[in-house]
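Protein chains in written order, with UniProt numbering: chain A, 1 to 184; chain B, 1 to 346; chain C, 1 to 514.
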C-alpha cells in the first residue's frame, strides 16, 4: 500500500518535473511576438471595435498579453485564426461585445443629402473621404476599409454601408453545384 | 444560338470509382479464400457470408441513423471488404455471435462513429478482430488442423451446426478437434526451451511456414500482386512490411538459428501476408505520402515481430496495424513531399 | 538527348485521330465577326476605331500600351458595326469588349513591309514588329510574345507537345507547315539571343516529328535540337516540359525566365515568322473542332472573332449527342453556356462532348485517402490534404501546403475514385488566396494612410498651438477681447439637413474645418 502510493507520487513528480522543463525550454525557443508582427495581421480598419482605439494599440496590448485575441470583428474568424497561430494561443469565436463579423462593405455617401460639413472627413482614420467644406463629399471606395466610423459622425445621416461586390467567395463545390443549366 | 449545361473542368469521366477499387480488393482475395477453404473446410466461406450480412446490416442501420442516403454507400462494397478481411482472420468455427459482435465493433464503432467511409482512423476489420480477440481469446484460438493433418474432415452441415448452435459432431470435442496454430506451437515450444530444428519437426510446420498456412499466405501474395498490377495499391506498403520483416529477422536468425525462426517462417505464417497486401494497404487508415507509407509498413512489421516475440499473443498483426493507424496522421505530417519548384529543404 | 521525368502525370486516351483525318481547312468568313479586345482577362485593349469606319484585314483596331503592349487587328476587310461588350469564351461567357465587323467579302489585306533580312535586323526592330502585328501566345495563354522576348535568355523551347486529349491544332500545323515553325524558331532564337533551342513534340506524333526533321534539315540553325517527349499529360505544360527537357524546376511563384528559359508555342513561332518575313498581322489561328458532338471533326484556319456557332457549322454542325461545349481540351477547358461567343487568339480547341464522355452527375463519395490524386499531381502537391484544408475553410493551412502551386491540370479530379471535384475546390481556394492577398495589401496601404494622417494631425495640432500662442501674445499685447463662437448656426444647419433629406441644402453653414 505504502509502496504503491509512494511509487505513484514519485512517478507524478517525475512527470511534473519533465513537463516543467519542457515548457520552459519550449517557451524560450519561441521568440517574443512583436507588436509589428501582430499589427501586420490586423485589418487596419482603425475602427476601435476592440476597445483599444485602433489597430496598433490593440496589437500592442496583444503583444503584452493583456488583450484577448477575439476582439477584432473586421478581421473575422480568419483573422482570429491567424492571430492564434502567431501567438500560439487557441482560437475562439469573436467576442460579441465587440461586434459581429460582417461581409466586407464600404461607406457610401448619399450625395444629394450631404451638406458638406466635413465631419466624416475628420472621422475617417484612413483619409478615404474627399471633399471640402460646403462641397459635397464622396468616399473613395478602394481606400475605404469599412470601419463605419463616419456613419455616426454624419449630422444628416447620409452615409450608408454598401456590401462590396465580388468579395464573397463562390459557393462550395459539390454535387449540387457541378451541373448547372445555363440560364440564357 | 444553342445553349449547353456547364460544369467545372475536368470533363472526362474518371476511370476509377470507389466501388471498383473495393471490387478489385475482393477479387484479389479469392486465391487466399480458396486456399483457406481448401485447408480449413467450408467454415471460412460461412464466416465470410455471415460477416458480410452483419456488416451490411449494421451499415444500413448506421446510415439510416445518421440520415445519410444509403444507396451510394451500401453499394460501395467497403463493408463487404471489411467483413471478408475479418472473416479471414478468425478460426473457421467461431460462433456466430462473436462475428456479430466483431462486426458491430467494426462498422458501428470503428467506422460510423468516426464519420463513416473515409473518416475512420482505425481499420474497421482489425478493430472488429482485435475486439473479439481481446474479449474471447479462447474461442479465437480454436483453430482446426489444416486438411493434411486433420483426422476428420467436417462437412458443410457440421460446420453450420458448430457455428450457429455450438454443436460439434458426435464423438468430437474441442479438445480433440482443435489444434494449435504454428505460431502458437512455436511460442509454446520455444518457451519450453526447444530449439528451432526440434520445433520444426512438429507436423504443424510445412516447408517454410505453417502447414497449409504457407499456401494461404501465398494466395494472399498472389492477390496482392494482382492489386499491384491493376494499380489498386502502390508498392510502398507491402514492400515496407515484407522488407522490414526480412531485415529484422535475418540478423537474429544468422546469429543463432537455433533460437530465432527462419525469416520466411515469419512471412508465411499468421496474418502477416494478409496484412502486408490487404490490411496495411487500406487507404483510409494508412499513410498517404510515399515516405509515410514506407514508415507505416515498416512499423507494422516491427510491431508484429515484437508482439510475436515478446507479447501476450502468438500473432500481433491486428494490434500492430491498429497502433500504426494511430500514428499514420503524424507520419503524414512528418513526411510531406516537396512540391514542384520549392527548395529542397523547405 | 536525355529526357527527364516529371512527377505524376497520366497517359490519357488521346482521341486526336478524328480531327487529324483531314488537312487543315480554311473556315469561311462568317456574316459578322466580333473580335475580342481582350484575349486575356487581365489585359484589355483600347479600341482605336469607331463604328462606321471601313477597315482592311491586318489594320490595327485596338491597342494595349505599356511594357506588355500589343495590338489587335481586323481579321478581314469590312465595316466596323460597333465596339461593344459581347460574351467571350470565358467561364461564364462573361461579356468583354469586342470590335464587331461586317465583312465586305473582298478580304483585302494591309501588310507591313516584310523584313527579309531579319538575321541582320536589330532586336528592337523585330520586337517592335511583333508588337505591331499583335503576336500573342497561341498555346492558350495569349500573353504578348514581344514582352516575353524582351530580355535575352540562353534557352528557347518551342512547345509542340499538346498532350491534352482531342486538341490537335499544333500537330496539324507541324504536319503541314513545319518549315514555318522551324523558321519561326530560328527567328525567336535570334531575337532572344538563345544559344540552345529545343523544338519539342510528343512521341505520339511521328508524322509531325518527320516533317520537323526534314524542315530542320532544309533550314538548319545554330543550337537547334528536336526533342520527342513521352506522351504523358501534362507534358505540354510549360513547367513540366522544362523539367522534361532540362531536369530543372521553375521556382515556385517564378517564371521560366528565372532559369534562363523562354517557352513559345509552335503556332506562335510560325505566326512570328509570318509577321516578320511577310508582314502579316495575327488575324487567324488554327482551331481544332472535334468531339463526338460534331459531325465532321477537323482543324480549321479560323479568323479571330468568328463565332463558335459558325465554326461548328463548318464542321458539319452538332450531332444529336452533343451535350457539352468546351473552349479548350477536356481536362482544362471551359464549359460554355452557349455557342454565341467568338474565337479569340487563346481558343485552340472547340470540343463538343457527348453525354457518355462526361463525368456523371452522381453524388461524390467521401475521400478515401487513396492518394491517387497525389500520385498523379505534376506539381507534387497533396490534393487530399488541400481538400481537407479548404473544406475546413483554413486557407492559411492550404497556402502552407502550396495551394498556389496548383496548375489546375485536372488530373487529381480525373484520378479520384470518389469523383470529388477537386479542381473546383482549388480554383475557389486560389481565388480566396488572391482575395486575401489583395485585402492584405489594402490593409497595409490603409495603415500607411493612417500613419500619415496621424502625423499630419499631430503636426497641425502643433502648428495651431503655436499660432494660438502667438495670437494670445498678440492679443495680450493689444488687450482686445475675443468674441465667443456661436454654435447656433451649426445646430440650425443640422436641423435643416435632417428635415429635408432629399433636397440639397443651399449650403451648410460653418462645419468647423479643422
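Every residue, glycine too, gets a C-beta built ideally from N, C-alpha and C.
Note that the structure is predicted; figures quoted are calculated from it, not measured.
Item: Which of the three DSSP states is assigned to residue 498(C) in this structure?; Value: helix
Item: Checking the sheet assignment: what are the DSSP bridge partners for residue 350(C)?; Value: 289(C), 327(C)
Item: Could you tell me how far apart the beta carbons of residue 33(C) and residue 101(C) are, in whole angstroms, since I believe they sit closer than 8 angstroms?; Value: 5 angstroms
Item: Among 189(B), 178(B), 21(B), which residue has its Cα nearest to the Cα of residue 415(C)?; Value: 21(B)
Item: Measuring alpha carbon to alpha carbon, tell me which of 88(A), 78(A), 113(A), 84(A) ends up nearest residue 103(A).; Value: 78(A)
Item: Under 8 angstroms: do the stretch 181–192 of chain C and the stretch 209–227 of chain C share three or more Cβ pairs, one atom per stretch?; Value: yes
Item: In chain order, what residues of the same chain lie with their CB nearer than 6 angstroms to the CB of residue 181(A), ignoring the 5 residues before and after it?; Value: Because the pLDDT of residue 181(A) is 31, which lies under 50, any placement of that residue in the model is unreliable, and the number read from its coordinates should be weighed accordingly. Excluding residues within five positions, none has a Cβ falling inside 6 angstroms.
Item: Using a C-beta to C-beta distance shorter than 8 angstroms, which residues of chain B count as neighbours of residue 332(C)?; Value: 9, 10
Item: Does residue 244(C) come out as helix, strand or coil in the three-state DSSP assignment?; Value: helix
Item: DSSP state of residue 108(A), grouped into three classes?; Value: strand
Item: Grab me the residues of residue 512(C)'s own chain with a C-beta within less than 6 angstroms of its C-beta, minus the 5 sequence neighbours each way, in chain order.; Value: In this predicted model, residue 512(C) has a pLDDT of only 43, less than 50, meaning its place in the structure is not dependable enough to derive any value.
Item: Okay, do the stretch 301–320 of chain C and the stretch 346–356 of chain C touch, 3+ Cβ pairs below 8 angstroms being the bar?; Value: yes
Item: Considering only their Cβ atoms, is the gap separating residue 147(A) from residue 12(A) smaller than 9 angstroms?; Value: no
Item: Check the C-beta distance from residue 318(B) over to residue 126(B) and give it rounded, since I have them as a contact under 8 angstroms.; Value: 5 angstroms
Item: Is there a C-beta anywhere in chain A that falls below 9 angstroms from the one on residue 410(C)?; Value: no
Item: List, in chain order, every chain A residue whose beta-carbon is nearer than 7 angstroms to that of residue 368(C).; Value: Simply none; closest approach about 17 angstroms.
Item: Would you kindly work out how many angstroms separate the C-alpha atoms of residue 89(B) and residue 67(A), rounded to a whole number?; Value: 57 angstroms
Item: May I ask you to report which of helix, strand or coil DSSP gives residue 264(C)?; Value: strand
Item: Among the residues of its own chain, which have a CB less than 6 angstroms from the CB of residue 346(B), if the five just before and after it don't count?; Value: The pLDDT assigned to residue 346(B) is 43, lower than 50, so where the model puts this residue is not dependable; a value taken from the coordinates is nonetheless given after this. Answer for residue 346(B): no residue qualifies.
Item: Can you list the residues of chain C that residue 236(B) reaches, using a CB-CB cut of under 7 angstroms?; Value: Per Cβ cutoff of 7 angstroms: no residues; residue 236(B) is ~10 angstroms from chain C at best.
Item: How many angstroms separate the CA atom of residue 116(B) from the CA atom of residue 388(C)?; Value: 16 angstroms
Item: Where are the alpha helix (DSSP H) runs, 4 residues long or more, that stay fully inside the stretch 148–207 of chain C, in chain order?; Value: 169–192
Item: Please classify residue 243(C) as buried or exposed, where buried requires at least 16 neighbouring CB atoms within 10 angstroms.; Value: buried
Item: Tell me the DSSP secondary structure of residue 296(C) in three-state form.; Value: coil
Item: Closer than 9 angstroms between beta carbons: that is the criterion. Which residues of the stretch 107–122 of chain B meet it against chain C?; Value: 115, 116, 117, 118, 119
Item: By the 9 angstroms beta-carbon criterion, what residues does the stretch 233–261 of chain C contribute toward chain B?; Value: 239, 240, 243, 249, 250, 251, 252, 253, 254
Item: Cβ closer than 9 angstroms: which chain B residues qualify as neighbours of residue 378(C)?; Value: 340
Item: Is it a yes or a no for the stretch 359–370 of chain C touching the stretch 285–304 of chain C, going by three-plus beta-carbon pairs under 8 angstroms?; Value: no
Item: Would you mind telling me which residues of chain D sit closer than 8 angstroms to residue 118(C), beta carbon to beta carbon, in chain order?; Value: Any reference to chain D falls outside this structure, whose protein chains are A, B and C.
Item: So is residue 509(C) in contact with chain B if we call contact Cβ pairs under 9 angstroms?; Value: Because residue 509(C) sits at a pLDDT of 44, beneath the cut-off of 50, its placement in the model cannot be relied upon, and the following sentence gives the value as read from the coordinates. Not closer than 9 angstroms to any Cβ of chain B, the Cβ of residue 509(C) fails to qualify, so no.
Item: Report the neighbours of residue 156(B) on chain C: residues whose CB is nearer than 9 angstroms to its CB, in chain order.; Value: Here the premise fails: no neighbours, minimum Cβ distance about 36 angstroms.
Item: Can you name the residues of chain C whose CB is closer than 7 angstroms to the CB of residue 76(B)?; Value: 365
Item: Roughly how many angstroms lie between the CA atoms of residue 278(B) and residue 238(B), to the nearest whole one?; Value: 9 angstroms
Item: Find the nearest neighbour of residue 287(C) within the set 178(C), 207(C), 348(C), 378(C), judged by alpha-carbon distance.; Value: 348(C)
Item: For a quick check, are the C-beta atoms of residue 43(A) and residue 70(A) less than 9 angstroms apart?; Value: no
Item: If you run the structure through DSSP and keep just helix, strand and coil, what is residue 147(A)?; Value: coil
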